[in-house]
Amino acid sequence: MSSASAILTSLSDLTNNPKLEHYDPHLCKDIHIKLDKEARDQGLSYQERFDMARKNMSVYNKWQSIFPSGISQCLKEYWKERMSAAPLDPRFPNVNQSKRCWVNYVDYHRCMEMKNDEKVCDYFKFHYIDLCPKEWVEKWDDQMEREVFPGIHD
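Sequential numbering of the sequence shown, starting at 1, is according to UniProt numbering.
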């Protein structure tokens with residue numbers, strides 16, 4: 001199923017409703033939940049959700065012609081949120097994101113040890129790639145290969 005048909009299927013009950021011309025934050029939250037559920041049902045990885053959001057933002061005017069303005073505004077919010085590579089994580093409130101980078105790298109490798117499934121562990125990989133300097137990742141990958149990486153112990 002394509003992302004367009006998934007969105008239309010998820011929100012089919014919301015088209016052509018004149019009450020939805022105005023933005024409603026409660027309805028918007030429900031829409032976000034529906035779209036996330038549809039993405040999970042389709043088994044989309046975090047990276048695939050990011051790519052889908054980016055594609056849909058590029059054709060946003062098309063969605064404006066399909067849905068009432070309140071809904072299309074909500075869709076725009078949803079895609080903007082999904083396009084932000086590393087959304088706010090309350091565990092790391094400081095500007096310096098070094099620890100967050102480290103934690104996501106370690107969590108990815110722990111996840112892969114336990115689950116051995118890229119789709120399941122993709123969330124952590126997506127974030128460490130976005131947050132970590134390339135040189136750090138290369139160094140840590142080298143340490144992982146030599147089994148001297150300090151972050152994961154048997």
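From the three backbone atoms N, C-alpha and C, an ideal C-beta is built for every residue, glycine too.
Quantities reported herein were computed from a predicted structural model and do not represent experimental measurements.
Check                                                                                                                                                                                        : Outcome
In whole angstroms, give me the CA-to-CA distance for residue 145 and residue 63.                                                                                                            : 47 Å
For the putative contact between residue 105 and residue 123, defined by C-beta atoms under 8 Å, what is the C-beta separation to the nearest angstrom?                                      : Their Cβ separation, rounded to whole angstroms, is 13 Å, which puts residue 105 and residue 123 out of contact at 8 Å.
Please work out which residues of its chain come closer than 8 Å, Cβ to Cβ, to residue 100, disregarding the five sequence neighbours upstream and downstream, and give them in chain order. : 86, 89, 91, 92, 127, 131
Quick one: measure Cβ to Cβ for residue 74 and residue 33, integer angstroms, because I've assumed they're closer than 8 Å.                                                                  : Actually they are not in contact, since the Cβ atoms of residue 74 and residue 33 sit about 11 Å apart, beyond 8 Å.
Rounded to a whole number of angstroms, what is the C-alpha to C-alpha distance between residue 155 and residue 109?                                                                         : Absent from the model: residue 155. The displayed extent of the chain is 1 to 154, so no value can be given.
Quick check: what's the CA-CA separation for residue 143 versus residue 117?                                                                                                                 : 22 Å
Tell me the DSSP secondary structure of residue 75 in three-state form.                                                                                                                      : helix
Pick from 36, 111, 79: whose alpha carbon is nearest that of residue 56?                                                                                                                     : 79
Tell me whether residue 162 sits in a helix, a strand or coil according to DSSP, three-state version.                                                                                        : The chain is shown from 1 up to 154; residue 162 falls before or after that span and cannot be answered.
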